[in-house]
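Residue numbers (the numbering used here), protein chains in the order written: chain X, 97 to 388; chain R, 8 to 393; chain U, -16 to 308.
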């Protein structure tokens, strides 16, 4: 039982990383129906920005987070303007290939310019263990879980309560109708990329801090997992992304902890397929009636 | 339509640029030079190892050229990227062996890519020296015969696995062991298999992770509750560093044993020096060695690339000098002559030790096991696997 | 429609001509061992892209798991030819691999093809990963992570060329058959197709199974040409590579896939001297092509020879049309 609680804590902290990344996927998908494959790479860039500002400017965690978030936010907007905007009228699959191209460009550009080797992330927060009863929680785990919830709540607030959020929801339902109502969809889409990429930047810094390891290929695997999490939770729905992230994290940890770790990924995909078959629009997704 | 034209123009420009770059490289070839090929995983999943090796290869070749080349001939290097893809490795090996006409090929870093390149070099009859392909079957074919044109500088998996198992029982007095490896990597599966076979104690658990993971807490929590004497982690420093960190922070105090893949200082950075105690790994090469050759290599590597060389770059550096010695001994840079000399190569003295090739083209080396305490190398033990 | 009409004749001549050109170039030494590897890679990618185009382009179903089916073909052929190192073993491997891939596609396809768009993409991605992980854990049969090496070197570019032509002809005939037209109607408007009495799931499944079988064929050539296979070769990135060829050539255009496989194969060779800078150039090329020509080289059109002929002899064409009326 103690063991189970410990494993659940492990699962929550792993899941919160997937959740942070899944938020960005879900927002972009929700508004322009694009699987932004470059999202994992933006997260990687965020981690590297954090690495450089801490190492060379000597700043602390909060300024590093903010600097990294603003850098990736701007990068996200630039990518959207240059690579995705010209494709808004063409097929979604063409936009998807462009996203893959951007992801290749960022990853290989970083390999070319900073080198592919793993770096250890500067430790600005002294990690310590809290022992509660017979199980342990580390300060970084608490920090990551708490940050995920704060960011999710902030995001939910922006989407539900602000004017921009209203505009985002309008564009995601019907971009043309929104335009007729005086909303500038280009601006709204850029804003979505701004928010999503900032979240990825934050995730990058937190992950770098938590695991103490960054490299240019780090975005690929969590990016894929986070996208799966977003689909699992119901893509386009903010709480769904968080739920999906936690679900994948917990499933992975429970399989590694109690089952056969060799088939872990296969089981995760298997569960995913079954859930999609039972609830094709994800756990929290609403089943949309098809328009004829 | 205009956009379409622009797109085609961009494509054509790229293709033309490609042609030109190719031509330039071909033109520089002249009779007074020795051509060598370098093919490594410069991009993609395993590019960290590939780049470390490619850097060391070009460093070694610059050094040789500065000192007058091989038998007075300068070395001309043809360098390609295999993208961490096996089919690309086959293609690049063919290009080096047939179009560029190199005397020998150095690379790739991983067993899979090396095995894919071997059919190509066999057909073209050009020797290939892989610095770090470890799989037992790299230098022998399906019938157990030696691959005539393939060599390696690093340990083969079985050799290392035996030494580690022996070290665990004799030096660490281990009765029970747990293996935590990456089952999607042939490096880990090869090592675990020989370790299990040769360890006289009991392997009480076998756990797995995948190379792209950074969170090992679930599997470590499970391990923590087991009763065991030593944790064997057949993997590379990227994951091993994190495993050591997470295991020690969680309170797993047992000794951790690892293969030569631990041989990079990043291991200690990743784990945090305070956590790296009771860690043992096999090594070809130590940055603390007093050998002036080793120190010279470390110095010039740091000067050129701004980081400390690791086990991979040391092996690749030696690979170049192995080829150099073979060409000198053959007195000829025709690929088949170089190959004959390589097969006969003996008493090579490099920075990863002195060795000769055995009948299966594997280096005959002794295994040194390094002990780390508080992130510092405190002790080395030599183990002979026989 | 006669089999030996002008269009088919010209296609046959084109195929024979390109075969002759390649053969001549090899005999003259213009194509050396290196270009031959490139040629076979292009042919393998061509088969993969045509197969994926049947799924994505004809039936409109978004599959991200093509490499998984390729792995089935490669392993079936690898295992069989290591036992029977001759062309009989290879033929058996192609057949067995094709059948297993087809059965897996059928089992997976019937439930998952009900999913829409990106959900299907994720499901197929998951299937391919599951296939890969199963292969990884099959013990001595597949030799785990190290994979199979020493597979007899049976494939030549002749076999690759022949199979690519067979797959292309098959896919082209499928496209213009009644089944193919029904499949395309599913792509165009699933609800409208259904209301016309077309069993949409059936046609989607047919396309999916066909794509899987062709991928297995490509895998068989891959195994017996490169002689080394490992689970790593058939990862998600491989599926993406194939998808790029299909989109670059034009979704739904078979000739587009053929041209794209060739162009990208040649581009790769030209970029080789750039070392690690190559992937950056490749990425920039990919992005710019998509921005400037998002529908791919050919769009949904084919390189259409019959319309070319029609322009030349309108009179004959008119007569034919009158007959049809």
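Beta carbons are placed, not taken as given, at the ideal position from N, Cα and C, and that holds for glycine.
On a predicted model such as this, the values are computed, not experimentally measured, just so you know.
- Residue 266/U places its beta carbon less than 8 Å from that of residue 204/X.
- Identification of chain U residues near residue 365/X by a Cβ-Cβ cut-off of 7 Å yields 109, 112, 113, ordered along the chain.
- Sorting 53/U, 9/U, 95/U by C-alpha distance to the C-alpha of residue 82/U places 53/U at the top.
- For residue 252/R, the uninterrupted alpha helix (DSSP H) segment begins and ends at 244 to 257.
- Rounded to whole angstroms, the Cβ separation of residue 95/U and residue 104/U is 10 Å, and the two are not in contact under 8 Å.
- If the five residues before and after residue 197/R are omitted, its C-beta is found closer than 6 Å to the C-beta atoms of 142, 164, all from its own chain and listed in chain order.
- For residue 354/X, no chain U residue has a Cβ inside 8 Å of its Cβ, as the nearest lies near 18 Å away.
- DSSP places residue 189/R within a strand segment (E or B) once states are collapsed to three.
- Sixteen is the threshold: since fewer than 16 other Cβ atoms of the shown chains lie within 10 Å of the Cβ of residue 272/X, the residue is exposed.
- Rounded to the nearest angstrom, the gap between the Cα atoms of residue 110/R and residue 153/U is 46 Å.
- Between the alpha carbons of residue 250/R and residue 230/R lies a distance of about 12 Å.
- Inter-segment contact for the segment 307 to 326 of chain R and the segment 198 to 217 of chain R is absent: fewer than three beta-carbon pairs are separated by less than 8 Å.
- Our two residues, residue 119/U and residue 126/U, have alpha carbons roughly 8 Å apart in a direct line.
- In chain order, 54, 55, 58 make up the part of chain R whose C-beta sits under 7 Å from the C-beta of residue 212/X.
- In this structure residue 42/R does not touch residue 93/R by the C-beta definition: roughly 24 Å separates them, more than the 8 Å allowed.
- For residue 199/X, same chain residues with a beta-carbon under 6 Å away, outside a window of 5 residues either side, are 133, 134, 137 in chain order.
- Contacts between residue 207/X and chain R, judged by CB atoms closer than 7 Å, involve 50, 54 in chain order.
- Identification of chain R residues near residue 317/X by a Cβ-Cβ cut-off of 7 Å yields 219, ordered along the chain.
- At a beta-carbon threshold of 8 Å, the residues of chain X lying near residue 273/R are 213, 214, 215, 216, ordered along the chain.
- A distance below 7 Å between beta-carbons, with the five flanking residues on each side excluded, links residue 155/U to the following residues of its chain, in chain order: 237.
- Apart from sequence neighbours up to five positions away, the residues of its chain that approach residue 347/X with a beta-carbon distance below 7 Å are 364, 367, ordered along the chain.
- Contact between the segment 35 to 52 of chain U and the segment 120 to 130 of chain R is absent: fewer than 3 CB-CB pairs across the two stretches fall below 8 Å.
- In the same chain as residue 192/X, and ignoring 5 residues on each side of it, the C-beta atoms closer than 6 Å to its own belong to 131, in chain order.
- Going by DSSP, residue 42/R is part of the beta strand (DSSP E) stretching over 40 to 47.
- Contact of residue 117/X with chain R is not assigned, every C-beta pair being separated by 8 Å or more.
- The C-beta of residue 319/R has 16 or more other C-beta atoms within 10 Å across all chains shown, which makes the residue buried.
- Residues of the segment 211 to 236 of chain U with a C-beta atom less than 8 Å from some C-beta of chain X are 219, 223, 226, 227, 230, 231, 234, listed in chain order.
- In the three-state DSSP reduction, residue 131/U falls in the strand class (E or B).
- As a beta-bridge residue in DSSP terms, residue 215/X pairs with 310/X.
- In the DSSP assignment, residue 232/X forms a beta bridge with 227/X.
- In the structure shown, residue 159/R adopts extended strand secondary structure according to DSSP, grouped into three states.
- One finds 16 in chain U with Cβ atoms closer than 8 Å to the Cβ of residue 130/R, taken in chain order.
- Residue contact check for residue 97/R against chain U: a CB pair falls below 8 Å.
- Separation of the CB atoms of residue 317/R and residue 271/R is rounded to 4 Å, and the pair is thereby assigned contact status at 8 Å.
- For residue 213/R, the beta-bridge partners assigned by DSSP are 186/R.
- Counting of Cβ neighbours within 10 angstroms places residue 129/R among the buried residues, the total reaching 16 or more.
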